[in-house]
């Protein structure tokens, strides 16, 4: 009879240890995560967050010859690209992505404007203008381009996001993933009560 009791005692002890480990494991993992795990600092955003700085008023001339100030779009979110007038394939891809990203915002799309700053004196293809109507197309000088310089890649490689207060805040990389851009902008529109 004493032999039959010993195996049951061992089984009971193993069950008790297993039960203790089951309850102790989450506390152990949380302690390790809190004290030893260092996140890489990347947020949940896709675009590169820029140090918030107010853009000086970018002044240019629309293709119709009318003066244009970027400040006239204050109160709106602005997706902005810089490219030459010839608008190569990459430029057209950016135009397409910006249009689709704006449309993907649904009823919030009216809070977003698209701006193409033409950085040279080349004529702009009428087919591009027709295909991406609704985009503000503005010729600017080299001074305007310098406002976006300072990053590792040329300003023409990126799409920029300007908040409704006129602050440059996000830079999307060359050949961006439109889904990441949509997600970023959707989160910003949801969180923002301005613009």
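In the working numbering, the protein residues as written are 12 to 206.
For each residue, glycine too, the CB sits at the ideal point set by N, CA and C.
Remember, predicted model here, so these are calculated numbers, not experimental data.
- [ ] Classify residue 27 as helix, strand or coil using the three-state DSSP reduction.
- [x] For residue 27, the three-state secondary structure derived from DSSP is helix.
TODO: Report buried or exposed for residue 182, applying the criterion of at least 16 other Cβ atoms within 10 angstroms of its Cβ.
DONE: By the beta-carbon neighbour count (other beta carbons within 10 angstroms, threshold 16), residue 182 is buried.
Task: Best match in 112, 102 and 65 for proximity to residue 179 [C-alpha to C-alpha] - done: Shortest Cα-Cα distance from residue 179 to any of 112, 102 and 65 involves 65.
- [ ] List the DSSP bridge partners of residue 144.
- [x] Answer is none; residue 144 lacks a bridge partner.
- [ ] Would you give the residue range spanned by the beta strand (DSSP E) that residue 178 belongs to?
- [x] Counting along the chain, residue 178 sits inside the beta strand (DSSP E) bounded by residues 178-183.
- [ ] Tell me whether residue 198 is buried or exposed, calling it buried when 16 or more other Cβ atoms sit within 10 Å of its Cβ.
- [x] Burial call: exposed.
Open item on the list: Taking the alpha carbon of residue 70 as the reference point, which residue from 101, 46 and 128 has its own alpha carbon closest?
Closed with: Closest option to residue 70, Cα to Cα, is 128.
Open item on the list: Check for me: the beta strand (DSSP E) holding residue 171 runs from which residue to which?
Closed with: Counting along the chain, the unbroken beta strand (DSSP E) around residue 171 starts and ends at 170-173.
Task: Coarse secondary structure for residue 75, derived from DSSP in three states - done: Looking at residue 75 - three-state DSSP - the assignment turns out to be coil, as it is neither helix nor strand.
TODO: For residue 108, count neighbouring Cβ atoms within 10 angstroms of its own Cβ and tell me buried if that reaches 16, exposed if not.
DONE: Buried, since its Cβ has 16 or more Cβ neighbours within 10 Å.
Task: Residue span of the alpha helix (DSSP H) that contains residue 114, given as start and end - done: Run containing residue 114: 100-114, per the alpha helix (DSSP H) assignment.
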